[in-house]
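Asks:
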Amino acid sequence: MAETILSVRNLKQHFTTGLGRNKLVVKAVDDVSFDIQKGEVFGLVGESGCGKTTTGRTIIKLYEPTDGEVYFLGERISAGTIGIKNQIKDEKRQAAVEIAALKETMAQELAGASDSAKAGVQDTYQAKIKEVELKRDAVIKTLKRDIPKRKEDTAQDNRSILNKMQMIFQDPIASLNPRMTVKEIIAEGLRIAGETKEKVISEKVQDVLKTVGLLPEHASRYPHEFSGGQRQRIGIARALVVNPEFIIADEPISALDVSIQAQVINLLNDLRKDFGITIMFIAHDLSVVKYFADRIGVMYYGKLVELADKDELFKNPLHPYTKSLLSAVPLPDPQYERGRQRIKYDPTVHDYSADLPELHEIKKGHLIYANQAEIAAYKQELK
Amino acid sequence: MPDVKLSVKDLSVSFKTPQGLVRAVRDINFDLYQKETLAIVGESGSGKSVTSRSIMGILAGNAVVDSGSIIYEDEDLTKIREEDFHKLRGNKLGMIFQDPLSSLNPIMKIGKQITEGMIVNGKHLKNRVKAKAHPQRRKYLNLRDSLEKAKAAYKDALKEAKESGADTAAIKSDFLAKQADLKPAIAEAKAAYNSVLKEAKAEVDADWQAQKAKYAEKIKAVKAQMASASGEDKRGYRQEIADLKEELARYKQVTKKEARERAVEVMNEVGIPEPERRLKQYPFQFSGGMRQRIVIAIALTADPDLLICDEPTTALDVTIQAQILELINRLKEERDLTVIFITHDLGVVANMADRVAVMYAGKIVEIGTSEEIFYDPKHPYTWALLSSMPDLSSRDRLFSIPGTPPNMLFPPKGDAFADRNEYALAIDFEQQPPYFKISDTHYAATWLLHEDSPKVEPPQVIQDRIKAMKQRAKDSTQSEAR
Chain W
1 MAETILSVRN LKQHFTTGLG RNKLVVKAVD DVSFDIQKGE VFGLVGESGC
51 GKTTTGRTII KLYEPTDGEV YFLGERISAG TIGIKNQIKD EKRQAAVEIA
101 ALKETMAQEL AGASDSAKAG VQDTYQAKIK EVELKRDAVI KTLKRDIPKR
151 KEDTAQDNRS ILNKMQMIFQ DPIASLNPRM TVKEIIAEGL RIAGETKEKV
201 ISEKVQDVLK TVGLLPEHAS RYPHEFSGGQ RQRIGIARAL VVNPEFIIAD
251 EPISALDVSI QAQVINLLND LRKDFGITIM FIAHDLSVVK YFADRIGVMY
301 YGKLVELADK DELFKNPLHP YTKSLLSAVP LPDPQYERGR QRIKYDPTVH
351 DYSADLPELH EIKKGHLIYA NQAEIAAYKQ ELK
Chain E
1001 MPDVKLSVKD LSVSFKTPQG LVRAVRDINF DLYQKETLAI VGESGSGKSV
1051 TSRSIMGILA GNAVVDSGSI IYEDEDLTKI REEDFHKLRG NKLGMIFQDP
1101 LSSLNPIMKI GKQITEGMIV NGKHLKNRVK AKAHPQRRKY LNLRDSLEKA
1151 KAAYKDALKE AKESGADTAA IKSDFLAKQA DLKPAIAEAK AAYNSVLKEA
1201 KAEVDADWQA QKAKYAEKIK AVKAQMASAS GEDKRGYRQE IADLKEELAR
1251 YKQVTKKEAR ERAVEVMNEV GIPEPERRLK QYPFQFSGGM RQRIVIAIAL
1301 TADPDLLICD EPTTALDVTI QAQILELINR LKEERDLTVI FITHDLGVVA
1351 NMADRVAVMY AGKIVEIGTS EEIFYDPKHP YTWALLSSMP DLSSRDRLFS
1401 IPGTPPNMLF PPKGDAFADR NEYALAIDFE QQPPYFKISD THYAATWLLH
1451 EDSPKVEPPQ VIQDRIKAMK QRAKDSTQSE AR
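Taken in sequence, the protein lines are chains W and E. Going by the working numbering, the final residue of the first sequence carries number 383, and the count climbs one at a time with no gaps. Going by the working numbering, the final residue of the second sequence carries number 1482, and the count climbs one at a time with no gaps.
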């Protein structure tokens, strides 16, 4: 069993817009959990707007999670507080209900009791209410104590750990500052990490430029002087310069031309082999993900609906959304394309009114988001 | 062989830049047949969009068509006037652009954007007059053009003669004779055009007056009936009058109401649910796929018979892409469209195309039916493109084309792909390869096909892939037979 480098537990990222009646909560990521092992490439696919980019950005702490936890190299690096706040609210509500019930029964008994007994009844009930209140306060206190800790985890900039996690962005034009030279762009991360010796910085920049297949003299140029593929290499160099162990690549090839896509994928593949870097690869092009990733997670509207080894996923797709996604991949084969049947996904096929679905391991390494009835059906399908 | 719909001959397009002329398209030739889909593939900067834009006549201001012609319905699209182009563009030639967000106006409701073209082009009476006078107008304009051309040629010849010290008298008399010939002809043509125009105007006007009188009478009759009716019935009559007025207005032009009805129809056709409600929304209220559907709907309102799709799905993700491709294919069937499909995704090409043209550095390097391009590619660039794309079974290192496309400010002397081509021969650096015929429909420009060149097999990846594809085809036919 390989070492787990990153684990995401019940991650939720909700965005709210508007106030009062117009308040709208977008559940961009809703209760997503997965682990990434050291050295693997974890692919995350789904249509645009399904929350895959938000997941990546929340992991690297560009957003504060609403709820759930992210563990990186064994340490909790961010955690949301809404869950606990909701728990406190629930606790309060429950206690209030209990107290109201007690008060009502007390009133009934008082009405029926004689004057002499009244004081006694009142006392016993007061004691009972007090007990409930104390219990409630104790629970809330322990819960509340966790909130600042979680906030601290999220806000803390633990550089020694967070430097091990880097991100490559989708658009190489928009993600590079046009007024900085390549050297400045790449060295920025080093400087933030506390490196002050100019000589060391220059050396490291030269090294990393060589690693990504650029020339040392490129360091003094500006981003606009490069082609799309070279720009993406600069983005990769910037991520690599601080020696990360884990890279989140957010659609690094979607904005590139076919022939350049191959260059960038080959480069990422080399990095992974040479430096043992773990990569989380976010994309919507399934043939590329199939080629590059080891395990693939499929997201649909903020939920992780299926997670499996790539061969397993392509051989036995179970969730109807995965099936529809796979059937939409165009292949460079006219004969096949003419006969291709696209499966349409209809989210209303799931009846989750009675039995709520959850992520369930249906086979070793193959997880699926389904309820009990569906799991039985999928098991049948697997046989 | 089906009819040729559009034929591009020796087309060259350059862009004037401060650095010099950028040769975006160099001497391309292709025919587009009725009801086929031709896919143009290539890297960015290979000239595929420039080709389609010159067909639509929407090249950037600094573009120059150096030579060549685009023949569509006996007219050369590189030469006709902008005002004549208005009749073709939209009405006959429709175009769908790459980015649906930037090709829609963000501060205009969808309904207005869809109906705009119909209303602007919908002046029926004016259009009829123009159509009637069209042959005379063309004749007149052609003559005028030829005079202008003669003048320009004369000036050039004069300059040249002066420089070389040759006799200018002969040239001058030649030109004067020509001018004397042309001038009366032009005057005659102009007079003929004007008289036809007048006649047509009078005719159409008379027709319009007759229609007006007819409807006025009808309305009068209804009004007379209404006067004797009471209460509830009056409303019905009023409606009838309004309908008649609308009918009359429709005879003159496309009314707003008519345009909206048509927009709803088209939106239904492209699969936008609840079109009546959606008409009143702004582009940002639509998802990417829906926006692209709107762009398609706008192109369809004018009933084009040639549709140019410039990377319509590049900005979309797989599922939406599949939907849009299906939509374009369905519309093509239903409306007998001819389609030019520009993309760099070979998977999409396999889905859409009947024929494929592969472009590199402003030239078509290989053209053939999609079976020929995918199962029997001949040009090294096609090989490179095919092998740089992973398919679902690839495991080995991907092939990536080394280097970058050539700078088109200084187009290379020989084969433009030679620098990046591992199969390049010495002659590739010296001389441009001609087209070699592989079959009636399949041509490739590479010296490798010359009889004296060494025999080169396509890379292993491609051979394997073709084998796998053939196997898959065989399996599927067998399973069908069962």
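We treat Cβ as the ideally placed atom computed from N, Cα and C, and that holds for glycine.
Please check the pair Arg52/W and Asp30/W, which I expect to be a contact at CB under 8 Å, by giving their CB distance rounded to whole angstroms.
Replies: Residue 52/W is actually Lys in this sequence, not Arg. That belief does not hold up - the Cβ atoms of Lys52/W and Asp30/W are roughly 13 Å apart, past 8 Å.
Asks: Based on Cα-Cα distance, which residue from Thr1404/E, Asp1066/E, Ala1384/E and Pro1434/E lies nearest to Glu1422/E?
Replies: Ala1384/E
Asks: Determine the DSSP secondary structure at Asp1027/E, reduced to helix, strand or coil.
Replies: Of the three classes helix, strand and coil, the one that applies to Asp1027/E here is strand, per DSSP.
Asks: Listing by chain order, which chain W residues have their CB less than 7 Å from the CB of Phe1015/E?
Replies: Chain W residues near Phe1015/E: none, gap ~18 Å exceeds 7 Å.
Asks: Where does Ile1071/E sit, in a helix, a strand or coil, going by DSSP?
Replies: In the structure shown, Ile1071/E sits in a strand (DSSP, three-state: E or B).
Asks: Just list the residues that DSSP pairs Asp1310/E with in beta bridges.
Replies: DSSP, once it has assigned bridges, lists Ile1342/E as partnering Asp1310/E.
Asks: Flag this pair as yes or no: are the beta carbons of Ser1168/E and Leu1176/E separated by less than 7 Å?
Replies: The sequence shown places Thr at residue 1168/E, not Ser. No; because the gap between Cβ atoms is not below 7 Å, this pair is not in contact.
Asks: Label Arg1330/E either buried or exposed according to how many other C-beta atoms from any shown protein chain fall within 10 Å of its C-beta, with 16 as the threshold for buried.
Replies: Arg1330/E should be labelled exposed.
Asks: What ranges does the alpha helix (DSSP H) occupy inside the region 1368-1407 of chain E, keeping only unbroken runs of at least 4 residues that lie completely in it?
Replies: 1370-1375 and 1380-1387
Asks: Are Thr1301/E and Met1118/E close, meaning C-beta to C-beta below 7 Å?
Replies: yes
Asks: If you follow the alpha helix (DSSP H) that Ala1185/E is part of, which residue opens it and which one closes it?
Replies: Element bounds for Ala1185/E: Ala1169 to Ser1228.
Asks: Measuring straight from C-alpha to C-alpha, what distance separates Lys130/W and Pro65/W?
Replies: 36 Å
Asks: Kindly provide the ranges of any alpha helix (DSSP H) runs that are 4 or more residues long and lie completely inside the region 38-85 of chain W, ordered along the chain.
Replies: 52-59
Asks: In whole angstroms, what separates the C-alpha of Met280/W from that of Phe42/W?
Replies: 5 Å
Asks: Give the list of continuous beta strand (DSSP E) stretches no shorter than 3 residues that lie fully inside the region 194-271 of chain W.
Replies: 246-250
Asks: Assess contact between the region 1368-1379 of chain E and the region 1065-1074 of chain E, defined as three or more Cβ pairs (one per stretch) separated by less than 8 Å. Is contact present?
Replies: The answer is no - the region 1065-1074 of chain E does not touch the region 1368-1379 of chain E, with fewer than three Cβ pairs under 8 Å.
Asks: Whose CA, out of Glu1333/E, His1442/E, Pro1304/E and Lys1035/E, lies closest to the CA of Arg1089/E?
Replies: Pro1304/E
Asks: Starting from Lys315/W, trace the alpha helix (DSSP H) both ways and give me its first and last residue.
Replies: Its alpha helix (DSSP H) spans residues Lys310 to Lys315.
Asks: Any beta-carbon of chain W closer than 7 Å to the one on Asp1181/E?
Replies: no
Asks: Indicate the three-state DSSP secondary structure (helix, strand or coil) for Gln1019/E in the structure shown.
Replies: Coil at Gln1019/E, not helix or strand.
Asks: Verify the CB distance criterion: does Met1469/E have a CB-CB separation below 7 Å to chain W?
Replies: yes
Asks: What's the C-alpha gap between Phe1030/E and Met1389/E?
Replies: 26 Å
Asks: Using a C-beta cutoff of 7 Å, does Ser48/W count as contacting chain E?
Replies: yes
Asks: Exposed or buried, what is Thr200/W when buried is set at 16 or more other beta-carbons lying within 10 Å of its beta-carbon?
Replies: Here residue 200/W turns out to be Val, not Thr, going by the sequence shown. Exposed, since its Cβ has fewer than 16 Cβ neighbours within 10 Å.
Asks: Keeping to the same chain, check which residues put their C-beta closer than 8 Å to that of Glu312/W; ignore five residues upstream and five downstream.
Replies: Here the set comprises Lys363, Gly365 and His366.
Asks: Kindly list, in the order they appear in chain E, the residues whose Cβ is closer than 8 Å to that of Arg179/W.
Replies: The contacting residues do not exist; Arg179/W stays about 23 Å from chain E at best.
Asks: Within 7 Å of any Cβ in chain W, is that where the Cβ of Thr1404/E sits?
Replies: Closer than 7 Å: yes.
Asks: At a CB distance below 7 Å, what residues from the region 1025-1041 of chain E approach chain W? Give them in sequence order.
Replies: none
Asks: Compare the C-alpha of Gly1122/E against each of Gln1253/E, Lys1162/E and Asn1105/E and name the closest.
Replies: Gln1253/E
Asks: Comparing alpha-carbon positions, which option in Ile1364/E, Val1120/E and Ile1110/E lies nearest Ile1294/E?
Replies: Ile1110/E
Asks: Below 8 Å, can you find three or more Cβ-Cβ pairs linking the region 141-154 of chain W to the region 220-232 of chain W?
Replies: At 8 Å Cβ cutoff, the stretches do not touch.
Asks: What number of angstroms, rounded off, separates the C-alpha of Leu215/W from the C-alpha of Asp207/W?
Replies: 10 Å
Asks: For Gln1460/E, tell me which candidate among Asp1181/E, Tyr1193/E and Asp1396/E has the shortest Cα-Cα distance.
Replies: Nearest C-alpha to Gln1460/E: Asp1396/E.
Asks: So, is Thr124/W buried or exposed, given that buried needs 16 or more other C-beta atoms within 10 angstroms?
Replies: exposed
Asks: For a cutoff of 7 Å on Cβ pairs, would you count Asp250/W as touching chain E?
Replies: It does not: the Cβ of Asp250/W has no partner Cβ on chain E nearer than 7 Å.
Asks: What three-state label does DSSP hand Arg9/W in the structure shown?
Replies: strand
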